[in-house]
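According to my numbering, the sequence shown is numbered sequentially starting from 2. In what follows, a single structure is set out as structure tokens and then discussed.
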Amino acid sequence: MIPDLFDEWQDVCQNKHQGNEQSAEAFQTKVKPTLRQRQIEVLQAINNAGNQGLTCKELAKAWGIGMNSISGRFSELKRLGEIEPAGSSRDGSRPYRTTQK
Numbered sequence: 002m003i004p005d006l007f008d009e010w011q012d013v014c015q016n017k018h019q020g021n022e023q024s025a026e027a028f029q030t031k032v033k034p035t036l037r038q039r040q041i042e043v044l045q046a047i048n049n050a051g052n053q054g055l056t057c058k059e060l061a062k063a064w065g066i067g068m069n070s071i072s073g074r075f076s077e078l079k080r081l082g083e084i085e086p087a088g089s090s091r092d093g094s095r096p097y098r099t100t101q102k
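Put into structure tokens, the structure is as follows:
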């Protein structure tokens with residue numbers, strides 16, 4: 002079972018925004034409500050890659066988006082223990098696979 006950390010989930014850019022009220026509100030109203038769904042989408046893509054894993058760079062290219070759009074999801078999934086390193090770096094990026102339990 003995946004822990005429900007979202008009641009206490011913090012904006013990863015909170016320090017950068019230095020307590021800006023509008024930034025905090027944007028996180029609460031626009032980011033937080035869809036955060037878990039976006040994590041699941043990234044997790045499914047990583048899982049589909051199998052034991053070879055998937056890098057953030059590879060996924061961004063496959064989805065036609067910038068790495069900055071999904072790199073936070075990789076960090077969050079690592080913190081949650083849902084992904085782990087999958088071997089040596091490829092093209093300067095570390096591949097990840099779903100945690101082997």
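For every residue, glycine included, the Cβ atom is placed at its ideal position computed from N, Cα and C. As the structure is a prediction and not an experimental result, all values here were calculated from the model.
Find the nearest neighbour of Asp92 within the set Asn69, Gln23, Lys62, Glu77, judged by alpha-carbon distance. Lys62
Does the distance from the C-beta atom of Gly88 to that of Gly54 stay below 9 Å? yes
State the Cα-Cα distance for the pair Ile84 and Ala50, rounded to the nearest angstrom. 12 Å
Within 10 angstroms of the Cβ of Arg80, are there 16 or more other Cβ atoms? Answer buried if so, exposed if not. exposed
Nearest neighbour of Trp64, chosen from Ser76, Arg39, Val32 [CA to CA]: Arg39
Residue span of the beta strand (DSSP E) that contains Thr99, given as start and end: 97-99
To the nearest whole angstrom, what separates the beta carbons of Phe75 and Val43, a pair I think is in contact under 8 Å? 7 Å
Candidates Leu60, Ile71, Thr99: which alpha carbon is nearest Leu36's? Ile71
By a C-beta neighbour count over all protein chains shown, 10 Å radius and 16 as the cutoff for buried, is Pro86 buried or exposed? exposed
Status (buried if at least 16 other CB within 10 Å, exposed otherwise) for Ile3: Here the model assigns Ile3 a pLDDT of 49, short of 50, so the residue's position is not dependable, and the following value carries that caveat. Result: exposed.
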